[in-house]
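S.K.:
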Amino acid sequence: MICGGAGFIGSHLTDRLLADGHQVTVVDDLSNGRMENLAAATASGRCELIKLDVVDAQFGSLARSVRPEVIFNLAAQIDVRASVADPLRDVTANVLGTVAVLEAARHAGVRKVVLASSVAIYGPPKQLPVREDTPPRPLSPYAVSKLAGEFYLRQYHDLYGLETTALVLTNTYGPRQNPHGEAGVVAIFAAAMLTGRPTWVFGDGDNRRDYVFVADVVDAFVRAAGPAAAGQRINVGTGRGVTDLELHRAVAEAVGGAPEPQRAPPRLGDLPAMVVDASAAAEILGWRPRTSLADGLAHTVAALRDA
Ligand SMILES: NC(=O)c1ccc[n+]([C@@H]2O[C@H](COP(=O)([O-])OP(=O)(O)OC[C@H]3O[C@@H](n4cnc5c(N)ncnc54)[C@H](O)[C@@H]3O)[C@@H](O)[C@H]2O)c1
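In the working numbering, each number is its position in the sequence shown, counted from 1, plus 9.
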């Protein structure tokens, strides 16, 4: 079962699980996800999409009737700025939603729950790359909600023996990422460049982020569904920092050329750098990012051209 499976990452995870021969139930309230993301999946006959908020009282009985082996919880309010503007909505989807998933899992005899957490939990890093044992300093309601979700996972693991793993994702990019929101700079740059609109870089353009391709992230979820890393947090990223200007150049190259970006003042609260140490993912899950930035951007741009 994939909660949030009609979204960007969740729909790719759905496709991968179907390709691996599994039966998949997607639960998504379509607040940000799209049915089109699951067009191929639902046509396969092995994927059912159920439009439902995971916080809804019906979710528990749904899980008991489906009895999935694993629940992947990717359902979330994902916009950091929206979490500041409306923390109640954020806590409802991200904290209550995760507790609802864990409760449903416990009563439905689910073996494992895998949560999509975020590097936002770490806050401004004292040292790069950031390891899993770095004391978290969540600075936004979104980051607090993701960290709270992680604590609940740990608690269900310790109290009930439910296998749980929190994957801490860095900046994930790829086809189907929504270019209309505030998140997803790759999608924003690529969509603007393909339609001849200007692009913007904040401050000096030297903020650094760790960009990981969605197929690699999905592979980490699949590996985390096994027995390894129970009760643990695992970073998922490339360990390589790419500045905003470097990213802009790389996307321009993938698009076949674009004008230089416009400059805007630095944004309050933007971290100068975030790069993770993903050696635990390699050691414990046997995971490594396989897709270079150039290849991942080429796939992303090709998908945008076809859309
Ligand atoms: N994209 C990234 O770079 C990134 C980085 C770190 C963490 N994450 C996490 O990964 C997960 C997936 O992110 P994404 O980029 O695919 O976002 P997304 O918005 O495309 O996917 C989230 C999905 O959850 C659904 N949803 C939201 N609230 C729900 C609820 N209460 N009940 C049922 N469905 C609900 C939305 O409709 C959407 O389809 C999220 O948990 C996000 O916080 C993403």
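Every residue gets a Cβ at the ideal spot worked out from N, C-alpha and C, and that includes glycine.
All values reported here derive from a predicted model rather than from experimental measurement.
Have a look at residue 129 and residue 277 and give me their C-alpha separation to the nearest angstrom.
M.R.: Spanning the two alpha carbons is a distance of roughly 15 Å.
S.K.: For the structure I just gave you, are there three or more beta carbon pairs, one from the segment 93-109 and one from the segment 147-164, closer than 8 Å?
M.R.: With the cut-off at 8 Å, the segment 93-109 and the segment 147-164 touch.
S.K.: Do you know whose CA, among 86, 20, 150 and 213, lies nearest residue 96's CA?
M.R.: Comparing Cα positions, the closest option is 150.
S.K.: Cutting at 8 Å between CB atoms, please list the residues of its own chain near residue 118, excluding the five before and the five after it.
M.R.: For residue 118, where only same-chain residues beyond five positions count, the Cβ hits under 8 Å are 76.
S.K.: Are the beta-carbon atoms of residue 24 and residue 50 separated by less than 7 Å?
M.R.: Cβ distance < 7 Å, so residue 24 and residue 50 count as in contact.
S.K.: Which value, in whole angstroms, describes the spacing of the CA atoms of residue 84 and residue 36?
M.R.: Taking the straight line joining both Cα atoms gives about 8 Å.
S.K.: So, for residue 143: in the same chain, excluding its five sequence neighbours on each side, which residues have a beta-carbon less than 8 Å away from its beta-carbon?
M.R.: Cβ within range, chain order: 131, 134, 135 and 136.
S.K.: If you drop the 5 nearest sequence neighbours on each side, which residues of the same chain put their C-beta closer than 6 Å to that of residue 46?
M.R.: The answer, listed in chain order, is 15, 20 and 185.
S.K.: Whose C-beta lies closer than 8 Å to the C-beta of residue 1 among residues of the same chain, with five residues either side of it excluded?
M.R.: No statement about residue 1 is possible, as the shown extent of the chain runs from 10 to 316 and does not include it.
S.K.: Is it right to say residue 320 is buried, meaning 16 or more other beta carbons lie within 10 angstroms of its own, or is it exposed?
M.R.: The structure shown does not extend to residue 320, since the chain is modelled only from 10 through 316, so no value can be given for it.
S.K.: Taking residue 172 as part of the beta strand (DSSP E), name the residues at either end of that continuous run.
M.R.: That run of the beta strand (DSSP E) goes 172-178.
S.K.: In the DSSP output, which residue or residues are listed as bridge partners for residue 57?
M.R.: In DSSP, residue 57 forms a bridge with 34.
S.K.: Taking the alpha-carbon positions, what's the residue 147 to residue 180 distance?
M.R.: Distance between the alpha carbons of residue 147 and residue 180 is about 17 Å.
S.K.: By Cβ distance, which residues of its chain are closer than 6 Å to residue 214, with the 5 residues on each side in sequence left out?
M.R.: Excluding residues within five positions, the ones whose Cβ falls inside 6 Å are 253 and 254.
S.K.: Give me whichever residues DSSP pairs with residue 283 in a beta bridge.
M.R.: In the DSSP output, where bridge partners are listed per residue, residue 283 has 218.
S.K.: Quick one: grab the DSSP three-state call for residue 314.
M.R.: Helix at residue 314.
S.K.: Please list the terminal residues of the continuous alpha helix (DSSP H) segment that includes residue 18.
M.R.: Residue 18 -> alpha helix (DSSP H) spans 17-28.
S.K.: Would you list the residues sitting across from residue 273 in a DSSP beta bridge?
M.R.: According to DSSP, which records beta bridges pairwise, residue 273 is partnered with 211.
S.K.: Could you check if residue 169 is buried or exposed, using at least 16 other CB atoms within 10 Å of its CB as the buried criterion?
M.R.: Flag for residue 169 reads exposed.
S.K.: Kindly indicate which three-state DSSP category residue 122 falls into: helix, strand or coil?
M.R.: Here residue 122 sits in strand by DSSP.
S.K.: Looking at the structure shown, is residue 40 part of a helix, part of a strand, or coil, going by DSSP?
M.R.: Correct three-state label for residue 40: coil.
S.K.: What is the DSSP secondary structure of residue 11, counted as helix, strand or coil?
M.R.: Strand, per DSSP.
S.K.: Pairing CB atoms from the segment 171-180 with CB atoms from the segment 199-216, are three or more of them under 8 Å?
M.R.: With the cut-off at 8 Å, the segment 171-180 and the segment 199-216 do not touch.
S.K.: Between 274, 183 and 286, which lies nearest to residue 314 when the distance is taken from Cα to Cα?
M.R.: When each option's Cα is compared against that of residue 314, the closest is 183.
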